[in-house]
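Chains as they are written, first to last, in my numbering: chain A, 1 to 424; chain B, 1001 to 1442.
C-beta atoms are modelled at their ideal positions from N, C-alpha and C, and glycine is treated no differently.
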Amino acid sequence: MIPALCALVLAAADAAPAASAPQRLRGDVIVLQAAEVHVGDGTVFKPGLVIVQDGKLVAAGQSMPLPAGANVIDCGSATITPGLVDAACQLGTSALFGAAEQGSEVIPQLDMWDALDLYSRDFEQLVADGVTTVFVTGEASSVISAKGAALKTGGPIADRRLPAKPIVKLTLGPESSGRGASNRGPSRFGGVSYSTRRPTTRMGSAWVFRKAMHDSIAFRDAGRASNEDLEPDAMRALADVLAGKTALRVQAREALDFFTAVKLADEFGLSFSYEYATEAAQCLDLLAARKIPVIFGPVRSSDSIFEGFEGAMPALETPRLLAAKGIHFCLTASDGSGEGGLGRQAGLAIRFGLDRAQALRSVTSDPAQMVGLDGRVGRLVPGLDADLVVWNGAPFDDTAKPVLVLIQGRPVLDLQGKFRKENS
Amino acid sequence: MVLSSLLVAGLLAAASSIGDAAAVRGGTIVNPDGSRVEKGVVVIQGGKITAVGGPETPIPADATVYEADGKVVFPGMILAHTQVGLDIPNENMPVAPFVNVYDSIEPNSAEYEECLRTGITTVHAIQGNNTVIGGLSRVIRPLGDMVEYMTVRPDYAMKISITPRSGFNRMTQMAELRRAFADLKAHVEAVAERRYEEEQKKKEEKVLVVPDEAVKLGMEKVTIDDLDARWRTLWRASKGEVPLFVHCDRAMDVANGIAWLREAKLLEKAVFVVGTEAYKSVGALKQAGRPVILSGTLVHKDVDLLTGKETEIFVPKVFADAGVHFVLQPNGFAFNADGLLWYQAARCVREGIARDVAFNAVTQWAAEAIGMGDTLGSISTGKWGNVVIFSGDPLDQATVVEKLLLEGRLAYDRSTDRRLKELSTGQDLAAPSAVPAATAGK
């Protein structure tokens, strides 16, 4: 069984464009051996090894002949998983004058890439958490946000950006109507608040979306602007949403906002994925019936039984419930890191009943697939980027953490000095 | 009698009367000293542990037996310094040794229910840190409908803060602290002088000594009844009769605190409640030899003033490496793992601290910090029967508290925890619509 699997893996390696069989490897080859290798699709090799060359994964399996001259790194009793992927990250943007645009509520023509600070310390923290790929979604204080951007959290700056599918975000509820604490603007200079922004109600947010869509349809059909508030570029970008060329994401915490999102989507014949989804447990049947993908989270330390944003707090078993209903979902840490990071989100999901293998998928291959990057990241299969995490225990356990992180084959975190030793 | 009043509907299953025996059988008994007993038996009689041993340990015929096959049996954990369940834990007056946390404890607080759900059997309820001299604290069980029934140790300790309360500076803080004790001294001396004069009058003798001498002669006649409530607690504290929980947020506060405690000859009564930056004073704290309660944050971010470079220090590791007995407390009080005391212990293990040390920091050392090291903190003969039945390794992500015995009585049972089910699934089980008639009977 196992040798057969390995043969399969090697065969796949042959088929992959950037890969070749181990005996034909060229250049720097890194082999990582560990007690367990979790591929990220449910497959686990015990013990396992992965072979990396030229930033790509060449092979993963239980045992196979090592290529001559390979740099073999023994990770001992550790576990290797794919690098984690966050499909709704809110970190890495410049803190001041970053992503909270005050000029308009509808900014789908803008690109989050322009608000990212690749030198932000957020990325170091993400790497320390084992997160290697993030899709940074638009800021929630816009009703229709800028397009999200996908990037690696480490490695050479020039190699960071990834070609994710275009996604804009509609935010419903308190963030976009300017009341929430998360309506982060340039707070030092007055901030974004109901006194400086419209809309100021949930109805207002829905109206801004409707009006923008109607304007965009009119612009598309008549070829000229009918709304002096909305730039032609914004309306062109919304036309892409209507045409399905740009995907729509909806951020909403409360169930009532989710129902509004469904109404709005129906009005314009749109489909959407559902971000934040604090009260997803209240909408399970509708989510399942409509096959709406869910990007759930984060569960924050402040989401206690005693407080919650607007009284909304996630049902603790939400990931398990989503899985049980067969709803396509992944987890996000949003702007959380460290104790609130993506690994912890997976750990909490496990704590509250989610199967461990699915928990791993929900922070690797599932989010990669949701942002159209499953051909690049999210699994340890040949041909994908060699983004991987070595954990000094079971992944997501409270007593374990990432000790070695590779992005495109390069070490970006090396707590035990494995690579220093190899190079000395 | 008293214990029977502890029954809380929905939490206490299978009520039995005091004096009944209980036994936990078949689980792995894990103690903070590192010892383990496989398929162990714990016998509790009259609220106290009377036997701990292997499967051969005899169980009294009348004992209620809790089966724990495949489970981990762990001592009840202790919050050695907390404001959970307190209604407004900070007093506005800077020097208020006369207040009593008794008046602030909210027995019906959901936070006490949460304590049981998360394996905490003993709570030291003490005023917040935003004070100069706080009032008396109380060690309680997190169960009961009146403070009297919850009480383990009444009027136990006081809070003294070396770190300035919000809006004030360190010099003012220390000046207020010193002045409070100087005021006390002046007041007690005046009382002593008056007492001497009264004694002389009783004996129909004249007061022939100078005031200083009268104070000296009268001082030994002063009893607590001569002082009004404003001064009593502070007077007892000044004589070293009250443990002092000394809040020192920063390392410089630790230094100031130790200096003041030495000056007041009260160092032996101190328990240090420190912030993350206080890791820098680990040497002084070790030398002081007193328990240290760490901030739930655990990680200190040091920013280099010149380069702006940030370094993260895992604070418990510093104390563990120095051999200081430190105590953990949860960061906030949230339902998810952040709010779990054992999650803090797991974080310690993640950062390279030995498991035994991490276990001690939530049990035995916490018990010692509240002066109950001989009574609580481990599963040992003679100690109180506070026992947690965990579903597995207490440091595992997925482990939960299945049952909890408080002095031998079942105080929490996960299988009947309706609120937990609601929190987990988001369904309101009390609402009629959540229980369709067709399935209600199942």
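Secondary structure at residue i, three-state DSSP: helix, strand or coil?
i, result
"B/ALA1270", "strand"
"B/VAL1318", "helix"
"B/CYS1115", "helix"
"B/PHE1168", "coil"
"B/GLU1422", "helix"
"A/ASP385", "strand"
"B/ASN1100", "strand"
"B/SER1161", "strand"
"B/ILE1379", "coil"
"B/THR1416", "helix"
"A/SER273", "strand"
"B/ASN1360", "helix"
"A/PRO3", "Residue placement at A/PRO3 is poorly supported in this model, since its pLDDT is 43, which falls under 50; the coordinates still yield a value, given next. A/PRO3: helix per DSSP, three-state reduction."
"B/GLU1310", "strand"
"A/LEU118", "coil"
"A/GLY409", "coil"
"A/PHE352", "coil"
Report yes or no: is there a C-beta of chain B within less than 7 Å of the C-beta of residue i?
i, result
"A/ASP398", "yes"
"A/LEU445", "The structure shown does not extend to residue 445 of chain A, since chain A is modelled only from 1 through 424, so no value can be given for it."
"A/GLY347", "yes"
"A/ILE144", "no"
"A/LYS401", "yes"
"A/GLN253", "The residue asked about is misnamed: residue 253 of chain A is Arg in this sequence, not Gln. Chain B contact via Cβ: absent."
"A/LEU281", "The question names Leu, yet the displayed sequence has Ala at residue 281 of chain A. True, the Cβ-Cβ gap to chain B drops below 7 Å."
"A/ARG361", "no"
"A/ARG351", "yes"
"A/ARG410", "no"
Contact check, residue i vs residue j under 8 Å by CB: the rounded distance?
i, j, result
"A/GLN345", "A/LEU331", "5 Å"
"A/ASP86", "A/VAL134", "5 Å"
"A/LEU170", "A/SER337", "With 8 Å as the limit, A/LEU170 and A/SER337 do not qualify as a contact, their Cβ atoms being about 26 Å apart."
"A/LEU380", "A/VAL50", "6 Å"
"A/TYR276", "A/ARG253", "5 Å"
"B/GLU1368", "B/ASN1386", "Incorrect: roughly 15 Å between the Cβ atoms, too far for contact."
"B/ASN1090", "B/GLN1127", "7 Å"
"B/ARG1234", "B/LEU1184", "Here residue 1234 of chain B turns out to be Leu, not Arg, going by the sequence shown. The pair is a contact, with the Cβ atoms about 5 Å apart (cut-off 8 Å)."
"A/GLY61", "A/GLY48", "7 Å"
"A/ALA115", "A/SER94", "6 Å"
Determine, using beta carbons only, whether residue i and residue j come nearer to each other than 7 Å.
i, j, result
"B/VAL1065", "B/ALA1110", "no"
"A/LYS152", "A/VAL168", "no"
"A/VAL250", "A/PHE272", "yes"
"B/VAL1073", "B/GLY1027", "yes"
"A/VAL389", "A/THR81", "yes"
"B/ALA1322", "B/LYS1286", "yes"
"A/ILE407", "A/THR132", "yes"
"A/GLY154", "A/VAL127", "yes"
"B/VAL1152", "B/ARG1195", "no"
"B/VAL1327", "B/ALA1288", "no"
"B/THR1319", "B/VAL1299", "The residue asked about is misnamed: residue 1319 of chain B is Phe in this sequence, not Thr. Their beta carbons are not under 7 Å apart, which means B/PHE1319 does not touch B/VAL1299 by this criterion."
Report yes or no: is there a C-beta of chain A within less than 7 Å of the C-beta of residue i?
i, result
"B/LEU1341", "no"
"B/GLN1173", "no"
"B/LEU1395", "yes"
"B/THR1425", "yes"
"B/ALA1398", "yes"
"B/ARG1350", "yes"
"B/ALA1358", "no"
"B/ALA1346", "yes"
- Query: So does the segment 1078-1088 of chain B actually touch the segment 1119-1133 of chain B, counting three or more Cβ pairs closer than 8 Å?
  - Reply: Verdict: yes, contact present.
- Three or more beta-carbon pairs under 8 Å between the segment 257-273 of chain A and the segment 105-123 of chain A, yes or no? No, because fewer than three Cβ pairs between the segment 257-273 of chain A and the segment 105-123 of chain A fall closer than 8 Å, the two stretches do not touch.
- Please determine if the segment 1094-1114 of chain B and the segment 1137-1147 of chain B are in contact, where contact requires at least 3 C-beta pairs separated by less than 8 Å. Contact between the segment 1094-1114 of chain B and the segment 1137-1147 of chain B is present, because at least three Cβ pairs lie under 8 Å.
- Do the segment 1181-1193 of chain B and the segment 1154-1164 of chain B meet, that is, are 3 or more Cβ pairs less than 8 Å apart? Too few Cβ pairs lie closer than 8 Å, so no.
- Query: Counting Cβ pairs, one atom from each stretch, are 3 or more of them under 8 Å apart for the segment 286-294 of chain A and the segment 232-245 of chain A?
  - Reply: Fewer than three pairs of CB atoms, one per stretch, sit closer than 8 Å, so the segment 286-294 of chain A makes no contact with the segment 232-245 of chain A.
- For the segment 105-119 of chain A against the segment 315-334 of chain A, are there 3 or more C-beta pairs whose distance is under 8 Å? No, the segment 105-119 of chain A is not in contact with the segment 315-334 of chain A.
- Message: Within 8 Å, do at least three Cβ pairs link the segment 1390-1397 of chain B to the segment 390-409 of chain A?
- Response: Yes: at least three Cβ pairs fall under 8 Å.
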